[in-house]
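Colleague: Quick one: this structure, given as structure tokens, is what I'll be asking you about.
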Amino acid sequence: MFSRLYQLAYTRRNMSSSSNPIPNLKLSDGHEIPLIGYGLGTANFKGRGSTEFSEKIVNDTLTALRLGFYHLDGAEAYNNEPELGAAIARSGIPREKLYVTTKTSVLEGDSIETAFSRSLEKLGLDYVDLYLIHHPFFAKSPADLVAKWAEMEAIKDSGRARSIGVSNYLVEHLEPILASPGLKHPPAANQIEYHPYLQHGDLVKWHKEHGIALEAYGPLTAITKASGGPVDAVYERLASKYGVTTSDIGLRWCLDQDIVALTTSGNEQRLRGYLQSLPSFKLTPQDIDEISEAGKEKHYRGFWTNRFAADDHR
99 MFSRLYQLAY TRRNMSSSSN PIPNLKLSDG HEIPLIGYGL GTANFKGRGS TEFSEKIVND
159 TLTALRLGFY HLDGAEAYNN EPELGAAIAR SGIPREKLYV TTKTSVLEGD SIETAFSRSL
219 EKLGLDYVDL YLIHHPFFAK SPADLVAKWA EMEAIKDSGR ARSIGVSNYL VEHLEPILAS
279 PGLKHPPAAN QIEYHPYLQH GDLVKWHKEH GIALEAYGPL TAITKASGGP VDAVYERLAS
339 KYGVTTSDIG LRWCLDQDIV ALTTSGNEQR LRGYLQSLPS FKLTPQDIDE ISEAGKEKHY
399 RGFWTNRFAA DDHR
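Going by the working numbering, the letters in the sequence shown line up with residues 99 to 412, in that order.
In structure tokens:
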């Protein structure tokens with residue numbers, strides 16, 4: 099049944115001042131998500147104990163907004179929801195033109211309602227477009243996963259989150275939710291580390307079969323953290339072929355698989371370049387396969403290394 103829900107219809111929505119807008123991806127719940135997003139993790143991460151308000155984070159986010167990155171991806175764990183909210187308020191951009199995501203860490207003792215209400219207050223918003231459970235590692239059993247998902251469904255039913263989903267979930271975490279007799283709203287999206295050196299086996303295919311959209315964080319890891327591998331030469335050749343940068347090729351590899359790509363770059367020139375270059379070309383199926391096959395020759399995981407063995411490719 100879930101395969102019928104998977105609707106990958108592109109729509110023309112002008113994300114920037116460019117005449118070539120970045121398209122949206124239609125989610126199984128009927129809402130749409132821009133295929134490129136600006137993430138407030140990594141470069142704009144604040145330590146868990148930090149209470150100092152960061153004007154730099156606000157200004158970096160305002161730069162992204164000014165350039166046309168209207169899809170903003172935040173999280174409770176990044177400890178910068180107040181800065182994200184301030185940037186949204188100062189931008190002057192109407193709320194309905196923005197796509198805002200945040201995530202709950204499922205802290206011990208917190209209900210989803212408590213965490214979500216706290217995030218909304220910090221963001222200064224009445225609703226978010228997408229609310230995610232940041233990871234499945236809080237759960238001691240499949241029943242825990244199902245119970246927390248029921249709390250997420252209540253948030254969606256309240257209208258304060260238009261779509262709900264998860265992050266860093268594997269098939270083993272999603273199957274109990276999808277099999278739950280009381281399921282009302284299947285996860286609309288799963289945000290995972292995804293790049294040529296971490297393709298997760300059949301995970302992409304499984305998500306498409308079950309109507310769950312994928313979002314990629316760390317999509318440029320093959321360039322930024324794991325350079326010197328077999329993908330380098332392929333990226334360079336394709337960059338020359340299309341007259342773009344290797345980073346454009348890395349992002350386009352995700353987009354052309356209908357996977358949302360998140361960038362955390364704070365470089366204004368690079369961000370501007372993405373919005374100018376990415377709509378101007380598409381990789382061929384052969385290009386995509388060539389990158390994928392080269393990526394399988396090396397394994398690299400940049401995040402959650404404390405949760406996975408070095409040889410775990412899931």
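The beta-carbon is built from N, C-alpha and C at its ideal position, and this holds for glycine as well.
Looking only at DSSP bridge pairs, what is residue 362 linked to?
Modeller: Beta-bridge pairing links residue 362 to no other residue.
Colleague: Just mark residue 350 as buried or exposed, buried being the case when its beta carbon has 16 or more other beta carbons within 10 Å.
Modeller: When all chains shown are included, residue 350 counts as buried.
Colleague: From residue 231 to residue 211, what distance separates their C-alpha atoms?
Modeller: If you take the alpha carbons of residue 231 and residue 211, they lie about 12 Å apart.
Colleague: For residue 392, which option in 235, 272, 400, 327 has the closest C-alpha, if you only look at C-alpha atoms?
Modeller: Checking every option, the nearest Cα to that of residue 392 belongs to 327.
Colleague: Skipping 5 residues on each side, what residues in its chain have a beta carbon closer than 6 Å to that of residue 213?
Modeller: So the list reads 202, once near-sequence residues are dropped.
Colleague: What residues in its chain sit with their C-beta under 8 Å from that of residue 375, if we drop five residues either side in the sequence?
Modeller: 342, 343, 346, listed in sequence order.
Colleague: Could you tell me whether the region 351–364 touches the region 128–145, where touching means 3 or more Cβ pairs closer than 8 Å?
Modeller: Yes, the region 351–364 is in contact with the region 128–145.
Colleague: What are the boundary residues of the alpha helix (DSSP H) that includes residue 303?
Modeller: Taken as a continuous stretch (DSSP letters only), the alpha helix (DSSP H) holding residue 303 covers 301–307.
Colleague: By how many angstroms is the C-alpha of residue 245 removed from the C-alpha of residue 236?
Modeller: So the alpha carbons of these two residues sit roughly 12 Å apart.
Colleague: Measuring straight from C-alpha to C-alpha, what distance separates residue 314 and residue 302?
Modeller: If I take the Cα positions, the gap works out to 11 Å.
Colleague: Would you call the region 186–204 in contact with the region 390–406, where contact means no fewer than 3 C-beta pairs closer than 8 Å?
Modeller: With the cut-off at 8 Å, the region 186–204 and the region 390–406 do not touch.
Colleague: For residue 260, I'd like the list of residues in its chain whose CB is within less than 6 Å of its CB, leaving aside the five on either flank, ordered along the chain.
Modeller: 129, 227, listed in sequence order.
Colleague: Could you give the residue range of the alpha helix (DSSP H) that holds residue 246?
Modeller: Residue 246 -> alpha helix (DSSP H) spans 240–255.
Colleague: Given a cut-off of 8 Å, decide if residue 177 and residue 148 are closer than it, judged by their beta-carbon atoms.
Modeller: Closer than 8 Å, so yes.
Colleague: Please classify residue 152: does DSSP put it in a helix, a strand, or coil?
Modeller: Three-state DSSP puts residue 152 in coil, outside helix and strand.
Colleague: Quick one: what does DSSP say residue 142 is sitting in, helix, strand or coil?
Modeller: Note: residue 142 maps to helix in three-state DSSP.
Colleague: Do three or more CB pairs link the region 238–254 to the region 277–290 at distances below 8 Å?
Modeller: As far as the Cβ criterion goes, the region 238–254 touches the region 277–290, which means the pair count is three or higher.
Colleague: Using 10 angstroms around the beta-carbon of residue 107, count the other beta-carbons present and answer buried if the total reaches 16, otherwise exposed.
Modeller: In this prediction, residue 107 scores a pLDDT of 39, lower than 50, which makes its location untrustworthy; the coordinate-derived value is nonetheless stated afterwards. By the neighbour-count rule (16 or more Cβ atoms within 10 Å), residue 107 is not buried but exposed.
Colleague: Pick out the complete alpha helix (DSSP H) segments inside the region 204–232, 4 residues or longer, and give them in chain order.
Modeller: Entirely contained in the region 204–232, the alpha helix (DSSP H) runs reaching 4 residues are, in chain order, 210–221.
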